[in-house]
Amino acid sequence: MPSGIKDKVAILGMGCIRFGERFADDAEHLMVEAYDEALADAGIETSRIDAAWLAVGFDALNIGPSGIPASVALRLPNIAVTKVENYCASGTEAFRGAVYAVASGAADIAVAIGVEKLKDTGYGGLPVRTRGTTFDMIGVVGSAPGNFAQLASAYRARHGVSRDDLKRAMAHVSVKSHANGARNPKAHLRKTIDIDTVLNAPMVADPLGLYDCCGVSDGAAVAIVTTPEIARSLGKRDIVTVKALQLATSNGWEFQGTGWDGSYVPTTRMAATKAYKEAGIADPARQLSLMEVHDCFSITELVTMEDLFISKEGRGWRDVLDGRFDADGDIPCQIDGGLKCFGHPVGASGLRMIYENYLQLLGRAGERQRSEPPVLALSHNLGGMPNQSIAAVAIVGLDKA
Amino acid sequence: MTGIVAYGAYIPRLRLQRSAIHAANRWFAPGLGGLAKGERAIANWDEDTVTMAVEAARDCLAGRDRGSVRGICLASTSAPFADRQNAGIVKEALNLDDAVSSMDVGASRKAGTGALLNALRATAGGGGEMLVVAGEKHRAQPGSEAEMTDGAAAAAMLVGTENVVARFIGAHSLTLDFVDQFRSADRELDYVWENRWIRDEGYLGIVGRAIGEALSLLGCKAQEIAHLIVPVPGRGIAETLAGKAGIAATAVRDTLAATVGHAGAAHPLLMLADALAGASPGDRILVVGFGQGADVLLFEATDAIVQPAAGLGIAGWLSRRRAEDNYMKYLAFSGHLKMDLGMRAEFDQKQPLTALYRNRRTVLGLVGGRCTRTGAVQFPRSEISVAGNAADRATQEDYPLADIPARVVSFTADQLGYTPDPPGYYGLVDFEGGGRMVCEFTDVDAGDVEVGRPMRMSFRIKAVDERRGFIRYFWKAVPQQEA
């Protein structure tokens, strides 16, 4: 049994830009802006960085192949820059690379960069792209909402929830995230909405309406990581360390095997189980202070409450309606607005989640700061689609927690 | 004895109301009001001659071992490929043995009877069982008479020497360059001459002569004909021909004009499938094919005709219908209306042909795999079985899934992703006895999909590469019609 990553790596600094329709900015500008914030937060110079990981979800529309564009944009000192892509979980994947480099001793200070320039497509939503020669012959291209909407049909069948009840719970998820996003100056969508607006919105992919879908945004986020010892030597007093970092990747069972009923995301359960073990968390619902989950769609957030073992199976929709995950609830979820309102620049999203958790742990979240001081915060970054997915769970916390 | 061993048909589910055609075009062509009765079958956007031929062939071959089929012929004037054998696509979709002969026949509306005649003679000459499929998705000009009278459909006949349901007695053919209509190779649409001339000199003249000569040559008395199949649009023509030949008026078969329309080269075979379904032992059936001459084929139903066909047949497909009164939608489906499809439709559908060839059984045949150790069924096949993460390699055998009933596990109706007919329905389906796949659904009515709903697989157009003119075919799930 591996000993795990717990408390071996500290976050030295982070940066995250305002997400949104950044029509005036190239990816280069987005990266530099996020990186400068992280550098200032870390209190170091570029010359101290030993290795870099770069996450970008959509190759063709973005910065092109390899780590070179990040190395050029940030004028990195000719270090190794590894580009990673793991669908929408790419951001956490880049973070994992940087964290592991530090934990292994191969790097003293490493950086994870996530960037996505999505608003050069000419249309709303994620770009249509090939999923490979074989898939394109036999798979369904569909759309992201179409792939995730299916969770709702199967969840209703599995748990006997009426369409109206589930729609209402899903709407609550979005209303809550809009309320949170309105208090976040870096969020893409900053308007509060009411439940009727959500329920009466045009249908995107049944039963997901417009307000059940997250914003597609331009954005970038950066994390600089090091050892807790180096962080202290650089003058850091409040130290946030990585408690767990786990990924689970589908091996085809969901869409080829027998037994998955389509109502949940198996990889989230696997990654969460391993992450709780790595972090030494026995009762996540009690021990976690807050969560940033992959709320690409309202139904995704809802089933994720069960897949992370925060809600009991089949009870997630009731917990949502009870306000358990609201900003003032037991365990806030998406206190920064989430993908829904902060926005979803794919490669940056995993790092954006960690950024919010990091700010909340350090009491630096401004107007939206959780009053009860957070100790342990989880981020859940999901790539792919429910029938073939990559779930990434990162838990960060105060050093002594 | 050589003859027809099995027969089948396919009629697409959408039935465009002729009143809707007339309502849209009356401002320009008020004279077509007389034809504005009943409905005509139109293909869904994802159906063409090849896909309909596959469905008709499946209907014909239902419950039969396909291993004895030695040849396949596809007849149509609207086959999608001018160079890529259309019959070869049908062969792959049916999972026929590689060791079959194949041929496309076209260029005349008597291609269907010509193909059938050729197959009967080949089989009689020792060629083995031959599958003849004929399909038509004729493209009529908006505002034309053909737009009113056409219908999209396909039919299939399995010709053999054992368990024959309709014995082939003989045939007579005439070839005359009677140009009632034409379409040169570089044109999309027909040019049609005056219908009074076509009726008088074509149907009554050429067909009348062919029927008379055939009866005489085959030594068959006119009053022995129990079923007369004259597949021409226009009322009263078959009755006139029957009267002149001395065939009983009661023998004249319904042309399916009110429900299907005229399916060109496929129409004689479509009407034959309809006649066979209602024939009694000993009934003589005269089938006419018309187009630059005429074919006349004479059959006699055997005692085996009383066995009901295993497929849905004409009656079954006719009852599986949805009335469509959206003429604009029909125009868009048939390529006459260039809609703003949105940027998502710009996705490049280029098909790597190498990959299609090596995956042809998976893609065109819907052949999955079954693990010989565990029995687990999966789609697609893989080097390492999905079951239990077994470490063994190459344990799978081919497992065809196309004819296995399926049920919906999860689904959506997607308004965002591009499809020519939004919303796009898709989801996960489980096959009875194992195996599952994520696939598109088609021929879906709003509200008619739910978790657990029974589905059947159907061979369809997945996407069209407009830039290069290639059609990508694959299988989709269709809501199973109520029994």
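Chains as they are written, first to last, in my numbering: chain A, 614 to 1014; chain B, 8 to 490.
Using N, Cα and C, we set each Cβ at its ideal position, and we do this for glycine too.
Short Cβ contact (8 Å threshold) for residue i with residue j
| i | j | result |
| --- | --- | --- |
| Val61/B | Val97/B | yes |
| Ala339/B | Met350/B | no |
| Ser1002/A | Thr880/A | yes |
| Gly403/B | Gln869/A | Here residue 403/B is Gln; the residue named in the question, Gly, does not match the sequence. Contact flag unset, no. |
| Val916/A | Leu764/A | yes |
| Gly271/B | Thr84/B | yes |
| Val741/A | Ala885/A | no |
| Arg443/B | Val416/B | yes |
| Glu46/B | Arg77/B | no |
| Cys67/B | Leu165/B | yes |
| Lys953/A | Asp908/A | yes |
| Ile808/A | Ala623/A | no |
| Asp663/A | Ile722/A | yes |
| Glu919/A | Cys946/A | no |
Per-residue contacts from residue i into chain A (C-beta, under 7 Å)
| i | result |
| --- | --- |
| Glu447/B | Val753 |
| Val458/B | Ser766, Ala767, Ala770 |
| Thr492/B | Residue coverage of chain B in this structure runs from 8 to 490, which leaves residue 492/B outside it and unanswerable. |
Cutoff 8 Å; reference residue i; Cβ partners in own chain excluding five residues on either side
| i | result |
| --- | --- |
| Trp204/B | Asp187 |
| Asp733/A | Leu674 |
| Arg981/A | Asn793, Arg796, Asn797, Ala940, Ile948, Asp949 |
| Asp472/B | Asp355, Gln356, Lys357, Gln358, Ile478, Arg479 |
| Arg769/A | Ser775, Arg776, Leu779 |
| Thr130/B | Thr9, Glu136, Met137, Val166, Gly167, Thr168 |
| Val645/A | Ala686, Leu687 |
Helix, strand or coil at residue i according to DSSP, with G and I counted as helix
| i | result |
| --- | --- |
| Phe708/A | helix |
| Gln385/B | strand |
| Asn994/A | strand |
| Arg631/A | coil |
| Asn366/B | coil |
| Thr247/B | helix |
| Asn699/A | strand |
| Tyr17/B | strand |
| Ile96/B | helix |
| Glu842/A | helix |
| Arg443/B | strand |
| Cys826/A | strand |
| Asp399/B | coil |
| Trp873/A | coil |
The beta strand (DSSP E) enclosing residue i, as first and last residue numbers
| i | result |
| --- | --- |
| Pro496/B | The structure shown has nothing for residue 496/B, since chain B only spans 8 to 490. |
| Ala664/A | 664-668 |
| Phe297/B | 291-297 |
| Ala159/B | Counting along the chain, Ala159/B falls outside any beta strand (DSSP E), and DSSP gives it neither H nor E. |
Alpha helix (DSSP H) segment containing residue i, residue limits
| i | result |
| --- | --- |
| Tyr432/B | Where Tyr432/B is concerned, there is no enclosing alpha helix (DSSP H), although the beta strand (DSSP E) it sits in stretches over 431-438. |
| Gln973/A | 959-974 |
| Ile1003/A | Segment 1001-1011 is the beta strand (DSSP E) holding Ile1003/A; no alpha helix (DSSP H) there. |
| Val57/B | 56-68 |
| Asp900/A | Position check: residue 900/A holds Gln in this sequence, whereas Asp was assumed. Segment 897-900, the alpha helix (DSSP H) holding Gln900/A. |
Cross-chain neighbours of residue i in chain B, by beta carbon under 7 Å
| i | result |
| --- | --- |
| Ser756/A | Asp421, Leu423, Gly424 |
| Asp874/A | Val416 |
| Trp866/A | Val393 |
| Met816/A | Gln422 |
| Thr747/A | Ala362, Asn366 |
Contact set for residue i: own chain, Cβ-Cβ below 7 Å, skip 5 residues either direction
| i | result |
| --- | --- |
| Ala31/B | Tyr334 |
| Asp819/A | Ala762 |
| Ile618/A | Val712, Ala716, Val855, Ala857, Leu858, Glu891 |
Cut-off 6 Å between Cβ atoms - residues of its own chain near residue i, not counting five sequence neighbours on either side
| i | result |
| --- | --- |
| Asp649/A | none |
| His785/A | Val933, Leu934 |
| Leu181/B | Ala217, Gly300, Ala301 |
| Gly142/B | Thr56, Met59, Ala60, Ser83, Ala161, Ala273 |
| Arg931/A | none |
| Asp943/A | Arg937 |
Amino acids of chain A, ordered along the chain, whose beta-carbon sits closer than 8 Å to that of residue i
| i | result |
| --- | --- |
| Thr363/B | Note on residue identity: the sequence assigns Leu, not Thr, to residue 363/B. Chain A residues near Leu363/B: Met750. |
| Asn125/B | Chain A residues near Asn125/B: none, gap ~34 Å exceeds 8 Å. |
Chain-ordered neighbours of residue i on chain B, where CB pairs are closer than 8 Å
| i | result |
| --- | --- |
| Asp908/A | Within 8 Å Cβ-Cβ: nothing; Asp908/A doesn't reach chain B, min ~18 Å. |
| Tyr736/A | Gly349, Met350, Arg351 |
Residue i beta carbon near the ligand ADP (any heavy atom closer than 7 Å)
| i | result |
| --- | --- |
| Gly718/A | Ligands are entirely absent from the displayed structure, and the ligand ADP is therefore not among its contents. |
Interface residues of chain B facing residue i [CB-CB closer than 9 Å]
| i | result |
| --- | --- |
| Asn1000/A | Ser417, Leu435, Val445 |
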